[in-house]
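Student: Using full-length UniProt numbering, read the sequence shown as starting at 1 and increasing by one per residue. Note that beta-carbon positions come from the ideal geometry of N, C-alpha and C, so glycine has one too.
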Amino acid sequence: MASSETGSRRVTIDDVARIAGVSRQTVSRALNDKGEIGVFTKQRVLDAALELGYRPSRFARGSSGKTRSASGS
Numbered sequence: 001m002a003s004s005e006t007g008s009r010r011v012t013i014d015d016v017a018r019i020a021g022v023s024r025q026t027v028s029r030a031l032n033d034k035g036e037i038g039v040f041t042k043q044r045v046l047d048a049a050l051e052l053g054y055r056p057s058r059f060a061r062g063s064s065g066k067t068r069s070a071s072g073s
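(1) What do you get for Leu52, buried or exposed, if any count of 16 or more other CB atoms within 10 angstroms of its CB means buried?
(2) Threshold first: 3 residues or longer. Then list the beta strand (DSSP E) segments lying entirely within the stretch 1-56, N to C.
(3) If we ignore side chains and look at the alpha-carbon of each, how far apart do Ala17 and Gly35 end up?
(4) Roughly how many whole angstroms lie between the Cα atoms of Ile19 and Thr12?
(5) Grab me the residues of Arg44's own chain with a C-beta within less than 8 Å of its C-beta, minus the 5 sequence neighbours each way, in chain order.
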């Protein structure tokens with residue numbers, strides 16, 4: 001399914017959300033193990049990510065837009 005539906009393009013968080021039937025934010029919470037998310041929903045997201053062959057983008061992981069100062073404030 002991964003290659004036929006997504007072609008040669010990279011699988012995105014939107015693809016995982018569509019297959020799992022959840023929002024992008026829910027996928028993010030499930031994959032990053034943050035926030036409140038139900039056990040069954042998390043498993044559905046993880047199953048969809050595995051089925052599609054989802055791999056997080058190194059660029060996206062480092063570009064959250066959040067910055068921190070050296071002092072932590």
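Tutor: With the given structure in hand:
(1) The residue given as residue 52 occupies position 52 in the sequence shown. The residue in question, Leu52, is buried, as its Cβ has 16 or more Cβ neighbours within 10 Å.
(2) Runs found: none.
(3) Here residue 17 refers to the residue found at position 17 when the sequence shown is read from its first residue. Here residue 35 refers to the residue found at position 35 when the sequence shown is read from its first residue. Those two C-alpha atoms are separated by around 16 Å.
(4) Taking the first residue of the sequence shown as 1, we reach residue 19 at position 19. Taking the first residue of the sequence shown as 1, we reach residue 12 at position 12. About 11 Å.
(5) Start at 1 with the first residue of the sequence shown, and residue 44 comes out as number 44. Around Arg44: Ala20, Gly21 and Val22.
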